[in-house]
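Working notes, beginning with the structure itself.
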Amino acid sequence: MRQSMLISLASVVCLCAAAHAEPGGISIGISAPLTGEAATYGTDIKNSIEFANQQIAGGKYRLIAEDDKCSGKDAATVAHKLTEIDKVSGVLGFGCSGALLAAAPIYERAKTVVIDAGGSAPAISQAGDYIFRTVPSDTISASVLYAYTSSRHRTFGVLAEETDYAQALASAFAAQNTGKKLALVRESYLAGTSDFRSLIVRLRGKKIDGLFVITQAEQTLAVIVRQIREQSWTVPLYAIYWPSSPAFLSALGLQADGIVYADIPGNEVLTEEGRKVFDGFVSRYGLPKSSDYFFYLSYAAFAALHQALESGADLRDALAKGKFESVFGPFSFDENGDVVGLAHVLKVIKNGKPQLLK
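Residue numbering for the sequence shown is 234 to 591, as defined by this note's numbering.
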């Protein structure tokens, strides 16, 4: 068994401006949603990887960014290009679970390692031997949110978009309900829907006392919450991730107050040096358009791939057995390629801002 590798934070994170190096012979692919409603976080992911290439590796890698449009079909097309034409050494990115799940068999056949920074669907844990991720699985987020809601509600609604990610999360939440503490009322809607008033009336008629809304992106969640508020329905609202997004909070203002949600920790998990790195990112790109964690999850994914490439070992083995250091501290990957060292927390929106729920 190869000895585990541990790179000090000083060697992984360069806090000074790195010298710009001409990209060499090693190419790294980026597959992310760069257009459409998911482009807010897709762009954050791409920018974070580009920044990491400069800060960590001095710009030595040739980055090939492709727009997977948060679509399984487009992600598969990107996967064929990156593996067959560009011959990349690894692929980073993936803001959408469905995109990664559709592309994973192509990367598996090509034996191309992938480190996902945004796709959190539980099924990704079984997507293949070459698939890793720095974002925690939604099996954890569903468990955290279920523990909170099941002690406070009886008849509970789950409204989920018809996408792989949203439906998988709804099923993961329902799977927690083995003791039937909640009488679950599930509803779905098609991606692209903009008028939710009839759905809201139907859910309200079922006398639910809490509602978990699952959307593919923050813009849709903002529309649903606004339409609920417009109907003066005071049902407690629950969500995952998106209430932390500046785009979501800007769209809703104080209408977002009271939403409780499971989220990946924000910048509070960054080390002292990690905060300096984040400040450098903000100086170059501005604040993230979506959530801060897309920065550090993408940065960590690059750090792990860079360390594995530098080791000279088989990339898959180096990732599977390695110990890594990044802006939020040490982490590794378990036997399913899932991150070890990071988990979800509960937050609430108060006065238009996210706070840890105590």
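Positions of the beta carbon are idealized from the N, C-alpha and C atoms, including for glycine.
Since this is a predicted model, take the numbers as computed values, not measurements.
- The C-alpha of Q488 lies about 7 angstroms from the C-alpha of R462.
- Taking 8 angstroms as the upper bound for CB-CB distance, P355 and T382 are not in contact here, some 18 angstroms apart.
- Rounded to whole angstroms, E395 and K522 show a C-alpha spacing of 24 angstroms.
- Between G262 and V346 the beta-carbon gap is near 11 angstroms, outside 8 angstroms, which marks them as no contact.
- Its Cα nearest to that of L575, the residue S374 stands out among S374, Y340, Q460 and L296.
- Around the C-beta of I318, fewer than 16 other C-beta atoms lie within 10 Å, and the residue is accordingly described as exposed.
- The closest CA to that of Y398, considering only V493, A271, Y379 and I297, is found on A271.
- For Y422, the enclosing beta strand (DSSP E) stretches over residues A416 to Y422.
- Only exposed fits E568, as fewer than 16 other CB atoms lie within 10 angstroms of its CB.
- Apart from the 5 residues on each side of it in sequence, G326 sits with its Cβ closer than 6 angstroms to the Cβ of I263, S264, A265 and I278 in its chain, given in chain order.
- Residue range E505 to Y518 is occupied by the alpha helix (DSSP H) that includes G507.
- A straight line joining the alpha-carbon of V510 with that of Q288 spans about 8 angstroms.
- Closest option to D442, judged by alpha-carbon separation, among L392, P469, G305 and K414: P469.
- Rounded to whole angstroms, the separation of the alpha carbons of D349 and L334 is 11 angstroms.
- If you look at V446, you'll find it in the beta strand (DSSP E) that goes G443 to I447.
- Boundaries for S353: no beta strand (DSSP E) harbours it, and the DSSP string shows neither H nor E there.
- Taken in chain order, the complete beta strand (DSSP E) segments of 3 or more residues contained in the stretch 278 to 323 are 295 to 300.
- Here DSSP, grouped into helix, strand and coil, assigns G269 to coil.
- It is roughly 23 angstroms from the alpha-carbon of V377 to the alpha-carbon of S531.
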